[in-house]
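There are 2 protein chains.
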Amino acid sequence: MFRITPIENGICAVDGIYAGAVKGGFKKDDYDVGFIRSQEPLDIAYLFTTNKFQAAPVKYVLKKGIKKTNFILANSKNANALTGDEGIEDIEEIMAYLSEKVKVDNPLMSSTGVIGVRLDKERIKKAIDKMDFNERNSNKFARAIMTTDSFEKEIAFEVEGEFGKFRIGGVAKGAGMINPQMATMLCFITTDADIPKEDMREILKEDNEITFNAISVDGDTSTNDSVFLMTTRKAHYEKEAFKEALKQVMLKLALDIVRDGEGATKTVGFVVTGAKDEKEAKIAAKALTNSLLVKTALFGEDPNWGRIASTIGASGVECDEKKLRISFENVLVYDRGNILFDSETERKANEVMKKREFKIYVDLGIGKGAFTAYGCDLSYEYVKINAEYRT
Amino acid sequence: MFRITPIENGICAVDGIYAGAVKGGFKKDDYDVGFIRSQEPLDIAYLFTTNKFQAAPVKYVLKKGIKKTNFILANSKNANALTGDEGIEDIEEIMAYLSEKVKVDNPLMSSTGVIGVRLDKERIKKAIDKMDFNERNSNKFARAIMTTDSFEKEIAFEVEGEFGKFRIGGVAKGAGMINPQMATMLCFITTDADIPKEDMREILKEDNEITFNAISVDGDTSTNDSVFLMTTRKAHYEKEAFKEALKQVMLKLALDIVRDGEGATKTVGFVVTGAKDEKEAKIAAKALTNSLLVKTALFGEDPNWGRIASTIGASGVECDEKKLRISFENVLVYDRGNILFDSETERKANEVMKKREFKIYVDLGIGKGAFTAYGCDLSYEYVKINAEYRT
């Protein structure tokens, strides 16, 4: 038994975590270079993108084999991806510069923005010069990592049980190139839970599968996707409580990313049940989040269940039209071979779709595999944002 | 050695092929029910969708094991898909009715349109009543199968060589739900070439891989995709000549489908070379045609090569940023680790992208696998068409 209570201050809800940001001039007049730090180095676990062209900051962490750190520098507007050895050398130079300004221990970097452009090192150095390393402002950091995001994504909880208590907080950014195969664009989670080292990565991975890996904005997996989990180990720990709290942090941030998906007007959960196994349920659910015809039907508030069925059929999973059931929330439109879609059902299903957030249930009637994926609609605005987003 | 000359009259360029259409009232005031027929039954080869929910007309052909036919009835506005046993019974009833009006031998049906709605049999019967079975009007038939298509897709060739000569003609429809896994939405090809039975399906399949299976409008594979090839066997045959002519027919129709893709303003060939093998080249090329970020960059005429690289990296194929090369036509923007993208290169690449049709070359520098896929941009119009297309 444990109790999870939302609290303020995101990643800085955890004692000993400092965070802040400055206006480095990459954005017009907003925060764009930020940091997270602690006095002592903290154990860190991470998950990175499965994109074969991993960005320089990802390669840097893997190359150095960083397991403990007391400093993360983050920037937006430039992903430092497809920048070759120079991209990594740029990070090394920046990290060396940083070490002259503040006490760092295995510092690392995390970047998001345009792919294929060298970092402006001098500008980053000037941003470092302006930093107040004693700031404890999670929100400023959350702003600094935003690209096409329209709001900051932050959350923190205090978890209490017989084992004692701990805190956990997270920030993330999303908006575009969102179809995480490992983790979403960028997410930073801090905690004071006394997690055994061997649990850190395992729990992060498990919770990631059903949160960040369950969302899609546009089906494109970025070069920079990263989730970091850091712990000060100053508080208590209980595995189930921590796993649940971490899941809630990650699900909240993942859904915020979908809610803030480029041009999105609706957040839709695709609940697939009755698949042959969980893997097939996930394939079907993710296919629904990525189908342009489904996404445009969501935008048009059109309960076009035929497109949902066709997408399931095209996804390659085991299915049978005599076992399939489709409902929009509680409005059943297709039931194992019977088309229940008359004008009354259409009106009710259309009512469901007018909501900002709703669920579509697809039961394959084959086995016990279940998975819920979260997606959004495809609007004119998405096209506008991405046709105009120039390098 | 052989010569391929374009000729008029599409599928009716072949002697003995009749085709026509009537206004059945499914569309406001246009042809919507059509036929292709011959006096004697013809050998027919076909390829159908890999969507697990095959439409009733597809299931009907497979169930009957039709190998020879003298009649194809086609309709638009209703796909007769996800309609269960009733969908097949509806076809049987329509075919029985047809046999009272005209001499048919293993007649079959082909449908396109909305998924999950029963066919209006009575309306189809009334359309049959109005048909002039002695018409030889390929264009009318091509119009009858159009849905969101904006122009008819027809082609015919006469092929002449030392072996003698033959003719070949085709019609197709496309526009949406286009990511054929076996064949595109609907395509009908007639010929008088004296093809050995064992060659028919083999050649159709091979040519299909590099034509219809190489295109994508929206990444959605429909329930009805079908390609039919029929021959009267009245003329001559030579394998290489036929294979080439068939490829040209199919490529022309496939590219017409992309040109007429819903809301498309650009047709782009993604030429992938240097992949580990052909399979990986195809995966990478198709991934490029389906990436929303690439498609919106095409619409915005933005030479955002980072999105192209990222899509390749996310596609799962073997790749290495130090071996990768990317060019827009002859404008090289990224060369094996070197970013050549300065303002002059950007201007030139942007010039290329202003064209209605162009190619993007991606060399992976790994092996000898090559594949060219054809796609289009994603425009506001696509969203409009698909958000408003109601059941």
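If you're matching them up, the sequences are chains A and B in order. Reading the first sequence from the start, the letters are residues 2 to 392 in this note's numbering. Reading the second sequence from the start, the letters are residues 2 to 392 in this note's numbering. Here a beta-carbon is modelled for each residue, glycine too, at the ideal position from N, C-alpha and C.
If distances are taken between C-alpha atoms only, which option among the options comes closest to residue i?
{"i": "Phe36/B", "options": "Phe54/B, Val62/B, Pro108/B, Gly66/B", "result": "Pro108/B"}
{"i": "Val269/A", "options": "Gly275/A, Asp278/A, Lys280/A, Asp257/A", "result": "Asp257/A"}
{"i": "Thr232/B", "options": "Glu319/B, Asp200/B, Ile367/B", "result": "Asp200/B"}
{"i": "Ile5/B", "options": "Arg137/B, Phe158/B, Glu101/B", "result": "Phe158/B"}
{"i": "Cys377/B", "options": "Gly301/B, Lys60/B, Leu63/B", "result": "Gly301/B"}
{"i": "Asn79/B", "options": "Lys68/B, Phe164/B, Ile95/B, Ile146/B", "result": "Ile146/B"}
{"i": "Lys60/A", "options": "Asn71/A, Asp91/A, Gln40/A, Asp30/A", "result": "Asp91/A"}
{"i": "Lys174/B", "options": "Leu299/B, Asp44/B, Val218/B, Ala388/B", "result": "Val218/B"}
{"i": "Glu210/A", "options": "Gly114/A, Leu247/A, Lys240/A", "result": "Leu247/A"}
{"i": "Gln40/B", "options": "Phe27/B, Ile73/B, Leu48/B, Lys28/B", "result": "Ile73/B"}
{"i": "Ala255/B", "options": "Asp226/B, Arg234/B, Val273/B, Glu281/B", "result": "Asp226/B"}
{"i": "Arg308/A", "options": "Arg137/A, Val295/A, Pro42/A", "result": "Val295/A"}
{"i": "Ala265/A", "options": "Met132/B, Lys68/B, Val384/B", "result": "Val384/B"}
{"i": "Tyr32/B", "options": "Thr290/B, Lys267/B, Ile129/B", "result": "Ile129/B"}
{"i": "Thr290/A", "options": "Thr192/A, Ile204/A, Ala215/A", "result": "Ala215/A"}
Could you give the DSSP three-state label for residue i: helix, strand or coil?
{"i": "Gln40/B", "result": "strand"}
{"i": "Tyr335/B", "result": "strand"}
{"i": "Ile92/B", "result": "helix"}
{"i": "Thr148/B", "result": "coil"}
{"i": "Thr6/B", "result": "strand"}
{"i": "Met231/B", "result": "strand"}
{"i": "Asn138/B", "result": "coil"}
{"i": "Tyr238/B", "result": "coil"}
{"i": "Val353/A", "result": "helix"}
{"i": "Asp364/B", "result": "strand"}
{"i": "Phe189/B", "result": "strand"}
{"i": "Lys265/A", "result": "The sequence as given places Ala at residue 265/A; Lys does not occur at that position. Correct three-state label for Ala265/A: coil."}
{"i": "Arg119/A", "result": "coil"}
{"i": "Asn408/B", "result": "Residue 408/B lies beyond the range of chain B shown here (2 to 392); nothing can be said about it."}
{"i": "Cys320/A", "result": "coil"}
{"i": "Lys154/A", "result": "strand"}
{"i": "Gly301/A", "result": "coil"}
{"i": "Ala20/B", "result": "strand"}
{"i": "Phe342/A", "result": "coil"}
{"i": "Ala173/A", "result": "strand"}
{"i": "Gly165/B", "result": "strand"}
{"i": "Gly275/A", "result": "strand"}
Could you tell me which residues DSSP puts in a beta bridge with residue i?
{"i": "Ser112/B", "result": "Asn76/B"}
{"i": "Arg326/A", "result": "Asp336/A, Asp364/A"}
{"i": "Leu48/A", "result": "Val228/A"}
{"i": "Tyr375/A", "result": "Ile216/A, Gly270/A"}
{"i": "Val103/B", "result": "Paired residue(s): none; Val103/B is not in a bridge."}
{"i": "Phe359/A", "result": "Val269/A"}
{"i": "Gly35/B", "result": "Ala22/B, Ala75/B"}
Hey, residue i and residue j are a contact pair by Cβ (cut 8 Å); roughly how many whole angstroms apart?
{"i": "Ser311/A", "j": "Ser223/B", "result": "6 Å"}
{"i": "Leu187/A", "j": "Ser292/A", "result": "Their Cβ separation, rounded to whole angstroms, is 27 Å, which puts Leu187/A and Ser292/A out of contact at 8 Å."}
{"i": "Cys320/A", "j": "Ile361/A", "result": "About 16 Å separates the two Cβ atoms, so there is no contact after all."}
{"i": "Met354/B", "j": "Pro304/B", "result": "6 Å"}
{"i": "Phe229/A", "j": "Ile45/A", "result": "6 Å"}
{"i": "Leu365/A", "j": "Ala276/A", "result": "5 Å"}
{"i": "Ala22/A", "j": "Arg124/A", "result": "At roughly 14 Å, the Cβ-Cβ gap does not stay under 8 Å, so Ala22/A and Arg124/A are not in contact."}
{"i": "Ala285/A", "j": "Ser316/A", "result": "5 Å"}
{"i": "Asp193/B", "j": "Phe167/B", "result": "5 Å"}
State buried or exposed for residue i, treating a residue as buried only when at least 16 other CB atoms are found within 10 Å of its CB.
{"i": "Pro197/A", "result": "exposed"}
{"i": "Gln55/A", "result": "buried"}
{"i": "Phe152/B", "result": "exposed"}
{"i": "Met2/B", "result": "exposed"}
{"i": "Ala97/B", "result": "exposed"}
{"i": "Phe134/A", "result": "exposed"}
{"i": "Asp261/B", "result": "buried"}
{"i": "Lys104/A", "result": "exposed"}
{"i": "Arg337/B", "result": "exposed"}
{"i": "Gly314/A", "result": "buried"}
{"i": "His154/A", "result": "Per the sequence shown, the amino acid found at residue 154/A is Lys instead of His. It is buried - the Cβ of Lys154/A has at least 16 other Cβ atoms within 10 Å."}
{"i": "Arg348/B", "result": "exposed"}
{"i": "Arg357/B", "result": "exposed"}
{"i": "Asp30/A", "result": "exposed"}
{"i": "Asp16/B", "result": "exposed"}
{"i": "Glu241/A", "result": "exposed"}
Check whether the Cβ of residue i sits closer than 6 Å to any heavy atom of the ligand SAH, and report yes or no.
{"i": "Ser380/B", "result": "Annotation note on the ligand SAH: not contained in the displayed structure, which lists no ligands."}
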